[in-house]
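Colleague: Heads up, the sequence shown is in my numbering, so the first residue is 44 and it goes up one at a time. Glycine included, each C-beta is placed from N, C-alpha and C at the ideal position. Bear in mind that the values here come from a model prediction, so they are computed numbers and not experimental data. Have a look at this one before I ask anything.
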Amino acid sequence: MKSGGYGATMSRILVLIDHKENRRLLAEWLATRYTVLPQETDEALDEEYDLGILDGTALDRLADRIQTRKLYQQTVFLPFLLVTAEQHVELVTKHLWKSIDEVIHSPIDKVELQARMEVLLRARRQAAALRLAGERALRHSEERLGLLIEGVQDYALFLIDPSGHVSGWNTGAERLLGYEAEEIIGQPLSQFFTPEDRQTGKPERELETARTTGRSSDENWLVRKDGSRFWASGLITALQDGSLQGYVKVLRDLSERKQAKEQIARLLGREKQQAARLVQVAAASLTIHSALSVDSVLRVITHEARRILDTHQSVSTMTVNEQWAQAINTISLSDKYAQWRTYDAKPDGSGIYAVVCATNKPMRLTQAELEAHPAWRRSGKEVANHPPLRGWLAAPFVGRDGRNLGLIQVSDKVDGGDFTAADEAILVQLAYIASVAIENARLYDGLREADRRKDEFLATLAHELRNPLAPINNALQIIHLSSDRAAREQARTMMERQLAQMVRLVDDLLDVSRITRGKIELHRERVELAAVVASAAETSRPLIEAAGHELTITLPPVPIHLDADLTRLAQVFSNLLNNAAKYMEEGGHIWLTAEQFRDEVVVKVRDTGLGIPAEMLPKIFEMFTQVDRSLERSQGGLGIGLTLVKRLVEMHGGSVQAISEGLGRGSEFTVRLPLTQEGAPLAVVGPKPETPHKTPPRRILVVDDNTDAAESLAQVLRLNGHEVRTAYDGPTALDLARAQVPEVVLLDLGLPGMNGVEVAQRMRQSLGLTDALLVALTGYGQDEDRRRSQEAGFNAHLVKPVNLDAVLMLLARSQAAPPGQHGAGEG
Ligand code: ADP
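Structure follows, in structure tokens:
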């Protein structure tokens, strides 16, 4: 549009008056003030002008064309003036405000015409000015938009013309789609769509939607100039200005977001898979924990690991005391390795798996990493023995105390992939569950074994306690029926021997229960090893001699001092000597040798007897363990002698060990004991005092609720010349003591009602028996009992069944020393 086109000076007037003369006259007059377009045909209507003047016939003919032009082709108000006779009212009402804007009646009043024309032209000028201002404002905002568009690199912005061709292009679009503005402007929008989308008419649909609804947004794949695709989110807005001006398309590259989304979806998928696998682990843990033996734990875990991790191979190994020699191996293989199912290569601890056990850490390697690992290359021999691996994942079994128990290994994933961190987490979890189950199964095994041993022990105990009863019974019959002095004497010694055997069994039992309950105290003194050995030999000599064995004792020439409980240590060696004597054919040889090494003494007891099978060596010190459990071959033991030996030696700070080359090859027990620190008091161990056969007659009161025990002891004492009375309960005892003051009271502690301790206290306090010798009789030789009886005012403490010699010795001693200073009797 030319500038000044809407100028005030020379407005252009189109005159469409069909009457030629009128037209000429009007044009002449108008030409003095305006530019008048020459009017040849109706086509002049399409020319450029500011005002059209027409008459009724022209209007009739051109009304539609004028209306179209005014509405659609002219951006600024274009006025038309009708010149008509006053009577043509319908014509005016029909056209006014549609095709014509003003009416002037003919004959024309020139002043009126000019006034009406000027109003119309001014309206047009104002419209033009407004339009200009609007355009300027629009242009300005378009510039801003342009800047904005250029600045937004993340967005591709381009303009599309109404026919669907690119008409504008920003740098974001250039960057995103790869075309420069020159190459792409004029190209169809469909250029960026994938062939698939083009085929289904997607580009056209988008434009159509935008055109009809104002906008259209979508996410889809687009194609760059180089043919690569990206995931884009696009928004098309239609530009309407009365009519469709085109479209703006805003594009954003969502590839990253889409990738992130897909990544998240993948992760979620994996999470889900892992969660599902954990559910399987939980289910497996129930199965694993219900397995009661180590074997079945390993079977279940091996199978479950292969199933849950979906591998072709899985192997579990459990070591014994971290040793590979007796390792248990359990294998689970898929059909792929069917021909390997019977292989049974024992691991020897040289393979890469040993690294897992040594570090107690899981290991996860690809096949390449595995083969490059130095520990793998070392295990060449073993590799040939098992199916070929493809990737490797292993987790250790770890015990509660942190010690390694073995490991589980898997290889060759069914999906062909490498093992992942998630796989590792699952295997570690399974291994953890298995570790707990293995330990529980071991505990359970141990308990079952202990329970079995206890049952066997009870059978042995009954047998051993019953054994002496038959000979004792026989001996009683002999004494009762026979008048032959020699026969009666023989019967008596037999009874003594059998009784001694029973006492020893019961003493051992008491000892072992007290030791296991930690209820035994050592009375440690500085003792000489020679004294300990002599005491032990003396105890064991009858058994050794009865079997016709020879005993050789070799001690160092210098005295060896120990800080020890002489009685208990002597018990250790006599147990070892007894065993040597028991587990040897008649006429064997026993050596007891002691040697000093630095600050310890090593005492060995060796025999030429039955020997001990290798698999039993680690067990014989356990309670109730016997190599040969057949009762017929019983050697008169309960399987607790060595338990006592071990515990007592350990209480002395030493250790004991057994070796044997096997059955029939003899055994050797080695006891190591620390030497005493210089300066400890030396216990004087003299020869045992001779049993006094004759002591002056004493007034004795025997109190025991076991009437047989009371009466038999009274009888024996009477036979020894003493004056003895008996009571079976506390009150009677006190009555008797009040009636006739006894010199000696042998008092059972476990009396019903008023117990022995109470009776003793009353005798001392109420009856004033301060001088009497009070001797406690008890079935329990516990130190605790000893202490209690001493506190109650007892002078001595004897363990039932009472040894007559011990009583006689006490009586003899009580004569020599005033009451209150008597030493304790035998224990
Ligand atoms: P017991 O002798 O009462 O059976 P021990 O605890 O003293 O119980 O010994 C346990 C087992 O060890 C014995 O039953 C025996 O089988 C074996 N044993 C102990 N000492 C010897 C030995 N010197 N020679 C062969 N076997 C022995």
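1) Would you report the Cα separation of K137 and V162, rounded to the nearest angstrom?
2) Within 10 angstroms of its Cβ, does K731 collect 16 or more other Cβ (buried), or is it exposed?
3) What does the Cβ neighbour count give for F640, buried or exposed, with the cut at 16 atoms within 10 Å?
4) Out of T75, E347, V453, point me to the one whose CA is closest to V399's CA.
5) According to DSSP, is Q700 part of a helix, a strand, or is it coil?
6) Would you report the Cα separation of F235 and L265, rounded to the nearest angstrom?
7) My assumption, with CB atoms under 8 angstroms, is that S617 sits in contact with A579. Please give the rounded CB distance.
8) For L725, I'd like the list of residues in its chain whose CB is within less than 6 angstroms of its CB, leaving aside the five on either flank, ordered along the chain.
9) Can you check the segment 785-862 for any alpha helix (DSSP H) of at least 4 residues that lies completely inside it and give the ranges in chain order?
10) Count the other C-beta atoms from every protein chain shown that fall within 10 angstroms of the C-beta of V457, then say buried if there are 16 or more, exposed otherwise.
11) Are the CB atoms of A782 and L790 within a distance shorter than 8 angstroms?
12) Kindly give me the distance between the Cβ atoms of V692 and V714, rounded to whole angstroms, as I take these residues to be in contact under 8 angstroms.
13) Between which two residues does the beta strand (DSSP E) holding L59 run?
14) Would the C-beta of D554 count as close to ligand 1, meaning under 7 angstroms from any of its heavy atoms?
15) State yes or no: is the C-beta of G680 nearer than 7 angstroms to some heavy atom of ligand 1?
16) Check the DSSP bridge columns for K292 and list the partner residues they point to.
17) Helix, strand or coil: which one does DSSP assign to V209?
18) Return the chain-ordered ranges of every beta strand (DSSP E) run that is complete within the segment 81-143 and spans a minimum of 3 residues.
19) Whether or not the segment 307-314 and the segment 270-279 are in contact is what I'm after, with contact meaning three or more pairs of Cβ atoms, one per stretch, closer than 8 angstroms; do they touch?
20) So, I96 versus V58, is the Cβ gap smaller than 8 angstroms?
21) Taking Q452 as part of the alpha helix (DSSP H), name the residues at either end of that continuous run.
22) Run the proximity test for K625: is its beta-carbon closer than 7 angstroms to any non-hydrogen atom belonging to ligand 1?
23) Start and end of the alpha helix (DSSP H) containing D494?
24) Closer than 7 angstroms to a non-hydrogen atom of ligand 1 - does that hold for the CB of I655?
25) Check whether the Cβ atoms of I683 and M666 lie closer than 8 angstroms to each other.
26) Where DSSP assigns a beta bridge to E711, which residues make up the other side?
27) Are the CB atoms of I203 and K301 nearer to each other than 8 angstroms?
28) Would you kindly work out how many angstroms separate the C-alpha atoms of S333 and A327, rounded to a whole number?
29) Which whole-angstrom value is the C-beta distance of T373 and L341, which I expect to be below 8 angstroms?
30) Here's the rule: buried if 16 or more other CB atoms are within 10 angstroms of the residue's CB, otherwise exposed. What is G887?
31) Of the choices P439, L508, G215, P431, whose alpha-carbon is the least far from that of Y396?
32) Determine contact between the segment 365-384 and the segment 462-472, defined as no fewer than three beta-carbon pairs at a distance below 8 angstroms.
33) For A726, does the three-state DSSP call read helix, strand or coil?
34) Tell me where the beta strand (DSSP E) around I563 begins and ends.
35) Have a look at R535 and A518 and give me their C-alpha separation to the nearest angstrom.
36) Please report how far the alpha carbon of A128 lies from the alpha carbon of G289, in whole angstroms.
Modeller: On the basis of the supplied data:
1) Rounded to whole angstroms, K137 to V162 spans 22 angstroms at the Cα level.
2) A caution first: K731 carries a pLDDT of 45, below 50, which makes its placement in the model unreliable, though a value can still be read off. It counts as exposed.
3) exposed
4) V453
5) strand
6) 6 angstroms
7) 4 angstroms
8) Reliability of the predicted coordinates at L725 is poor, the pLDDT of 47 falling under 50, and the value obtained from them is presented with this limitation in mind. R569, listed in sequence order.
9) 799-808, 826-834, 847-859
10) exposed
11) Against a cut-off of 8 angstroms, the Cβ pair of A782 and L790 comes out as no contact.
12) 6 angstroms
13) 55-59
14) D554: no, Cβ never under 7 angstroms from ligand 1.
15) yes
16) Bridge partners of K292 according to DSSP: F201, I279.
17) If DSSP states are grouped into helix, strand and coil, V209 belongs with the strands.
18) Runs of the beta strand (DSSP E) spanning 3 or more residues and lying entirely within the segment 81-143 occur at 94-98, 123-127, in chain order.
19) no
20) yes
21) No alpha helix (DSSP H) contains Q452, which is instead part of the beta strand (DSSP E) from 447-456.
22) yes
23) 464-509
24) yes
25) yes
26) R649, I702
27) no
28) 10 angstroms
29) 4 angstroms
30) The question about residue 887 has no answer, for the chain in this structure spans 44 to 870.
31) P439
32) Taking 8 angstroms as the limit for Cβ pairs, the verdict is that the segment 462-472 does not touch the segment 365-384.
33) Because A726 sits at a pLDDT of 45, beneath the cut-off of 50, its placement in the model cannot be relied upon, and the point is left open.
34) It is not in any beta strand (DSSP E) - I563 carries neither H nor E in the DSSP assignment.
35) Answer to the nearest angstrom: the Cα atoms are 7 angstroms apart.
36) 47 angstroms
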